[in-house]
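Q:
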Amino acid sequence: MKLSMTLLTDLYQLTMMGGYYLLGKSRERANFDCFFRKIPEDGGFCVAAGLEQLIDYIQDLHFESEDLDYLRSLNLFPPEVLHFFKDLRFTGDLYAVPEGTLVFPQEPLVRVTAPLPEAQLIETALLNILNFQTLIATKTARVCIVAGEDPVIEFGVRRAQGPDGGLSASRAAFIGGARATSNLMAGKAYGIPVRGTMAHSWIESFSSELESFQSYARVYPKNVVLLVDTYDTLRSGVPNAIKVGKELRARKAGDLLGVRLDSGDLTFLSREARKLLDEAGFDRTHILGSSDLDEWLIESIKEQGAEIDSWGVGTRMVTSYTCPALGGVYKLSAIFEDGEMKPKLKVSDDLEKTTNPGIKKVVRFFDEKSFMRGDVLFFADEILPPHQAVQAFHPMLAHVHKTYPSMYKREEILVPVFQGGKLVYSKPTLQEIQARTFQSLHHLRSEHKRLQNPHLYHVSLGEKLFRQKQELIKEVVG
Numbered sequence: 416m417k418l419s420m421t422l423l424t425d426l427y428q429l430t431m432m433g434g435y436y437l438l439g440k441s442r443e444r445a446n447f448d449c450f451f452r453k454i455p456e457d458g459g460f461c462v463a464a465g466l467e468q469l470i471d472y473i474q475d476l477h478f479e480s481e482d483l484d485y486l487r488s489l490n491l492f493p494p495e496v497l498h499f500f501k502d503l504r505f506t507g508d509l510y511a512v513p514e515g516t517l518v519f520p521q522e523p524l525v526r527v528t529a530p531l532p533e534a535q536l537i538e539t540a541l542l543n544i545l546n547f548q549t550l551i552a553t554k555t556a557r558v559c560i561v562a563g564e565d566p567v568i569e570f571g572v573r574r575a576q577g578p579d580g581g582l583s584a585s586r587a588a589f590i591g592g593a594r595a596t597s598n599l600m601a602g603k604a605y606g607i608p609v610r611g612t613m614a615h616s617w618i619e620s621f622s623s624e625l626e627s628f629q630s631y632a633r634v635y636p637k638n639v640v641l642l643v644d645t646y647d648t649l650r651s652g653v654p655n656a657i658k659v660g661k662e663l664r665a666r667k668a669g670d671l672l673g674v675r676l677d678s679g680d681l682t683f684l685s686r687e688a689r690k691l692l693d694e695a696g697f698d699r700t701h702i703l704g705s706s707d708l709d710e711w712l713i714e715s716i717k718e719q720g721a722e723i724d725s726w727g728v729g730t731r732m733v734t735s736y737t738c739p740a741l742g743g744v745y746k747l748s749a750i751f752e753d754g755e756m757k758p759k760l761k762v763s764d765d766l767e768k769t770t771n772p773g774i775k776k777v778v779r780f781f782d783e784k785s786f787m788r789g790d791v792l793f794f795a796d797e798i799l800p801p802h803q804a805v806q807a808f809h810p811m812l813a814h815v816h817k818t819y820p821s822m823y824k825r826e827e828i829l830v831p832v833f834q835g836g837k838l839v840y841s842k843p844t845l846q847e848i849q850a851r852t853f854q855s856l857h858h859l860r861s862e863h864k865r866l867q868n869p870h871l872y873h874v875s876l877g878e879k880l881f882r883q884k885q886e887l888i889k890e891v892v893g
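Next up, the structure:
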């Protein structure tokens with residue numbers, strides 16, 4: 416049975432939509448912001464991902480007759496509401512940060528201005544898509560930063576959260592910096608390079624480890640990367656791999672491209688394996704390390720002097736094992752009343768949950784060395800004088816503010832994606848998105864990339880927005 420993506424939503428989205436229609440509010444325009452409040456694992460940045468899937472979802476947004484039959488069976492929606500659903504399409508404006516852009520708490524990743532029912536309908540799917548892919552792209556970027564020049568290969572599909580989770584995770588991991596994936600579906604769907612050779616079961620299916628290696632090399636002489644830890648890594652695994660490598664060279668059929676370590680003390684085993692390989696003339700044979708790795712383990716293993724050339728990272732990357740969710744939210748920030756869009760905000764005793772009102776743009780400031788120095792939220796229609804310093808305020812505290820010098824370069828990071836329901840954005844290739852991630856990280860200072868206690872990247876408010884927010888809070892709380 417084919418399931419419509421339109422029903423990838425919470426029931427209350429549709430009850431609100433029906434209520435808007437019945438109360439005559441279905442054409443009332445509103446603005447919503449998608450943002451997150453906290454960086455996973457107390458990190459220094461996030462990598463935006465998932466926009467392409469969001470675009471595809473919105474372009475195909477409609478209720479099938481089967482969807483309406485199902486909704487009718489719930490005995491919840493009046494016939495006129497179901498008729499309203501039948502013709503619903505997205506006709507609004509949507510701005511977003513391009514995938515591969517670094518993003519930070521409290522700033523919009525997506526800004527939606529549309530009739531209330533349309534803006535409401537896309538909330539659940541939007542959060543589902545962006546939260547997960549941004550989470551995995553961010554996790555992968557952290558892994559790749561500590562791996563340095565060593566390639567990272569994504570091995571995680573078997574432990575991912577279901578088939579779609581596996582496919583989305585492979586895509587997001589590539590955006591975050593992974594060089595390849597073991598997931599063939601992701602390779603086919605997205606053009607990601609695929610890698611893989613054998614599992615322990617291949618080796619165990621033969622009468623000896625040596626025979627299993629020889630058989631594999633005979634079948635795939637140009638792709639000989641041998642898994643050497645099935646029985647005894649240093650006494651049999653690596654020596655047998657070397658024997659097969661010599662046989663390949665003697666036949667001029669290929670070479671021993673690599674050995675893979677998947678268990679044990681990777682630091683010790685890789686160093687000893689490197690010695691054995693080099694002594695046998697296989698100094699160009701690379702060593703691939705795997706085994707429940709993450710950024711913390713890779714950092715530690717490298718600091719201990721491991722001789723590992725590339726890393727296979729699976730479960731802990733594609734599930735973001737130690738932080739399983741990005742807390743992205745979707746909040747109304749303006750609504751059309753009395754002939755104009757009026758700013759709105761949610762007030763909370765928890766300061767970080769008090770939202771920023773109005774339709775906003777995000778301006779990123781770069782210093783003379785092209786390093787990112789901070790982001791500032793302004794009203795979207797504000798015109799910033801090009802050669803004047805900009806004062807920026809803490810989102811809640813008037814006495815905490817800073818000034819960005821006039822010579823700093825500025826960039827608006829929200830770009831138009833849909834206007835009047837029409838797609839106006841040219842979707843980049845996945846390789847171009849990954850290149851954007853690399854470029855973005857190049858412009859981020861090293862202190863923001865630390866795993867432990869990264870330096871805080873400031874997201875501030877422009878003066879007009881800050882004053883408006885304070886006035887609205889006073890109106891609400893007195």
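So the number in this note's numbering is just where the residue sits in the sequence shown, counting from 1, plus 415.
Every residue gets a Cβ at the ideal spot worked out from N, C-alpha and C, and that includes glycine.
With Cys449 and Val525 assumed to form a contact (beta carbons below 8 Å), what rounded beta-carbon distance in angstroms separates them?
A: The Cβ separation is near 4 Å, so the contact holds.
Q: The alpha helix (DSSP H) that contains Tyr413, what's its start and end?
A: In this structure the chain extends from 416 to 893, so residue 413 is not present and cannot be described.
Q: What's the call for Met416, buried or exposed, on a 16-neighbour Cβ count within 10 Å?
A: Residue placement at Met416 is poorly supported in this model, since its pLDDT is 47, which falls under 50; the coordinates still yield a value, given next. It is exposed - the Cβ of Met416 has fewer than 16 other Cβ atoms within 10 Å.
Q: With a Cβ-Cβ cutoff of 8 Å, do Ser855 and Thr516 count as a contact?
A: For Ser855 and Thr516, yes; Cβs fall inside 8 Å.
Q: Hey, is the segment 439-453 in contact with the segment 832-851, meaning 3+ C-beta pairs nearer than 8 Å?
A: No: fewer than three Cβ pairs fall under 8 Å.
Q: Buried or exposed: Lys776, going by 16 or more other Cβ atoms within 10 Å of its Cβ?
A: Classification for Lys776: buried.
Q: Rounded to whole angstroms, what's the CA-CA distance from Asp484 to Val527? Just pull it up for me.
A: Approximately 29 Å, taken between the alpha carbons.
Q: Could you check the C-alpha separation between Ser583 and Ser622 for me, to the nearest Å?
A: Straight-line Cα distance between these residues: approximately 39 Å.
Q: Specify the secondary structure class of Met416 as computed by DSSP and reduced to three states.
A: Interpretation of Met416 is limited by its pLDDT of 47, a score under 50 that renders its predicted location unreliable; the figure taken from the coordinates is listed afterwards. DSSP places Met416 in coil when its eight states are reduced to three.
Q: Please state whether the Cβ-Cβ distance between Ser821 and Gln806 is less than 8 Å.
A: Not a contact, by the Cβ cut-off of 8 Å.
Q: Do Ala463 and Thr549 have their C-beta atoms within less than 8 Å of each other?
A: Yes, they are a contact pair.
Q: Beta-carbon separation of Gly459 and Thr553 under 8 Å?
A: Contact flag unset, no.
Q: Identify the continuous alpha helix (DSSP H) that holds Met732 and give its terminal residues.
A: Element bounds for Met732: 730-733.
Q: In three-state terms, what does DSSP make of Tyr631?
A: Note: Tyr631 maps to helix in three-state DSSP.
Q: So, at 6 Å on beta carbons, what are the nonlocal neighbours of Val874 in its own chain, with the 5 sequence-adjacent residues on each side left out?
A: Only Phe519, Gln521, Glu522, Asp790 meet the Cβ criterion.
Q: Can you tell me whether Ile657 is buried or exposed? The criterion is at least 16 other CB atoms within 10 Å of its CB, across all chains shown.
A: Under this definition Ile657 is a buried residue.
Q: In terms of residues, what are the limits of the beta strand (DSSP E) holding Phe881?
A: Where Phe881 is concerned, there is no enclosing beta strand (DSSP E), although the alpha helix (DSSP H) it sits in stretches over 878-892.
Q: Under 8 Å, do Asp698 and Leu691 count as touching if we go by C-beta distance?
A: No, the pair does not count as a contact, with Cβ atoms beyond the cut-off.
Q: What three-state label does DSSP hand Thr818 in the structure shown?
A: Strand.
Q: Across which residues does DSSP place Ser725 in a beta bridge pair?
A: Partner(s): Leu703.
Q: Do the segment 572-580 and the segment 606-616 touch if we need at least three Cβ pairs shorter than 8 Å?
A: Because the criterion of three Cβ pairs below 8 Å is not met, the segment 572-580 and the segment 606-616 do not touch.
Q: Hey, would you say Ala396 sits closer than 8 Å to Met732, going by beta carbons?
A: Outside the displayed range of the chain (416 to 893) lies residue 396, so it cannot be described from this structure.
Q: By the three-class DSSP mapping on this structure, what secondary structure does Pro530 have?
A: Reduced to three states, the DSSP call for Pro530 is strand.
Q: Which residues share a DSSP beta bridge with Gln846?
A: Answer is none; Gln846 lacks a bridge partner.
Q: Identify whether Val561 lies in helix, strand or coil by the three-state DSSP scheme.
A: Of the three classes helix, strand and coil, the one that applies to Val561 here is helix, per DSSP.
Q: How is Phe478 classed by DSSP in three states: helix, strand or coil?
A: Looking at Phe478 - three-state DSSP - the assignment turns out to be coil, as it is neither helix nor strand.
Q: Quick check: the Cα distance between Val496 and Glu479, rounded to an integer number of angstroms?
A: Distance between the alpha carbons of Val496 and Glu479: 15 Å.
Q: Roughly how many whole angstroms lie between the Cα atoms of Asp845 and Asn638?
A: Asp is not the amino acid found at residue 845; the sequence shown has Leu there. So the alpha carbons of these two residues sit roughly 25 Å apart.
Q: Rounded to the nearest angstrom, what separates Gly669 and Thr648 at their Cα positions?
A: Answer to the nearest angstrom: the Cα atoms are 23 Å apart.
Q: So, is Gln867 buried or exposed, given that buried needs 16 or more other C-beta atoms within 10 angstroms?
A: Exposed.
Q: In whole angstroms, give me the CA-to-CA distance for Tyr872 and Gly773.
A: Straight-line Cα distance between these residues: approximately 23 Å.
Q: How about Met432 and Leu536: are their beta carbons less than 8 Å apart?
A: Yes, they are a contact pair.
Q: What residue range is occupied by the uninterrupted beta strand (DSSP E) comprising Phe683?
A: Segment 681-694 is the alpha helix (DSSP H) holding Phe683; no beta strand (DSSP E) there.
Q: For Leu760 and Leu829, what's the separation of their Cα atoms in angstroms?
A: So the two alpha carbons sit approximately 20 Å from each other.
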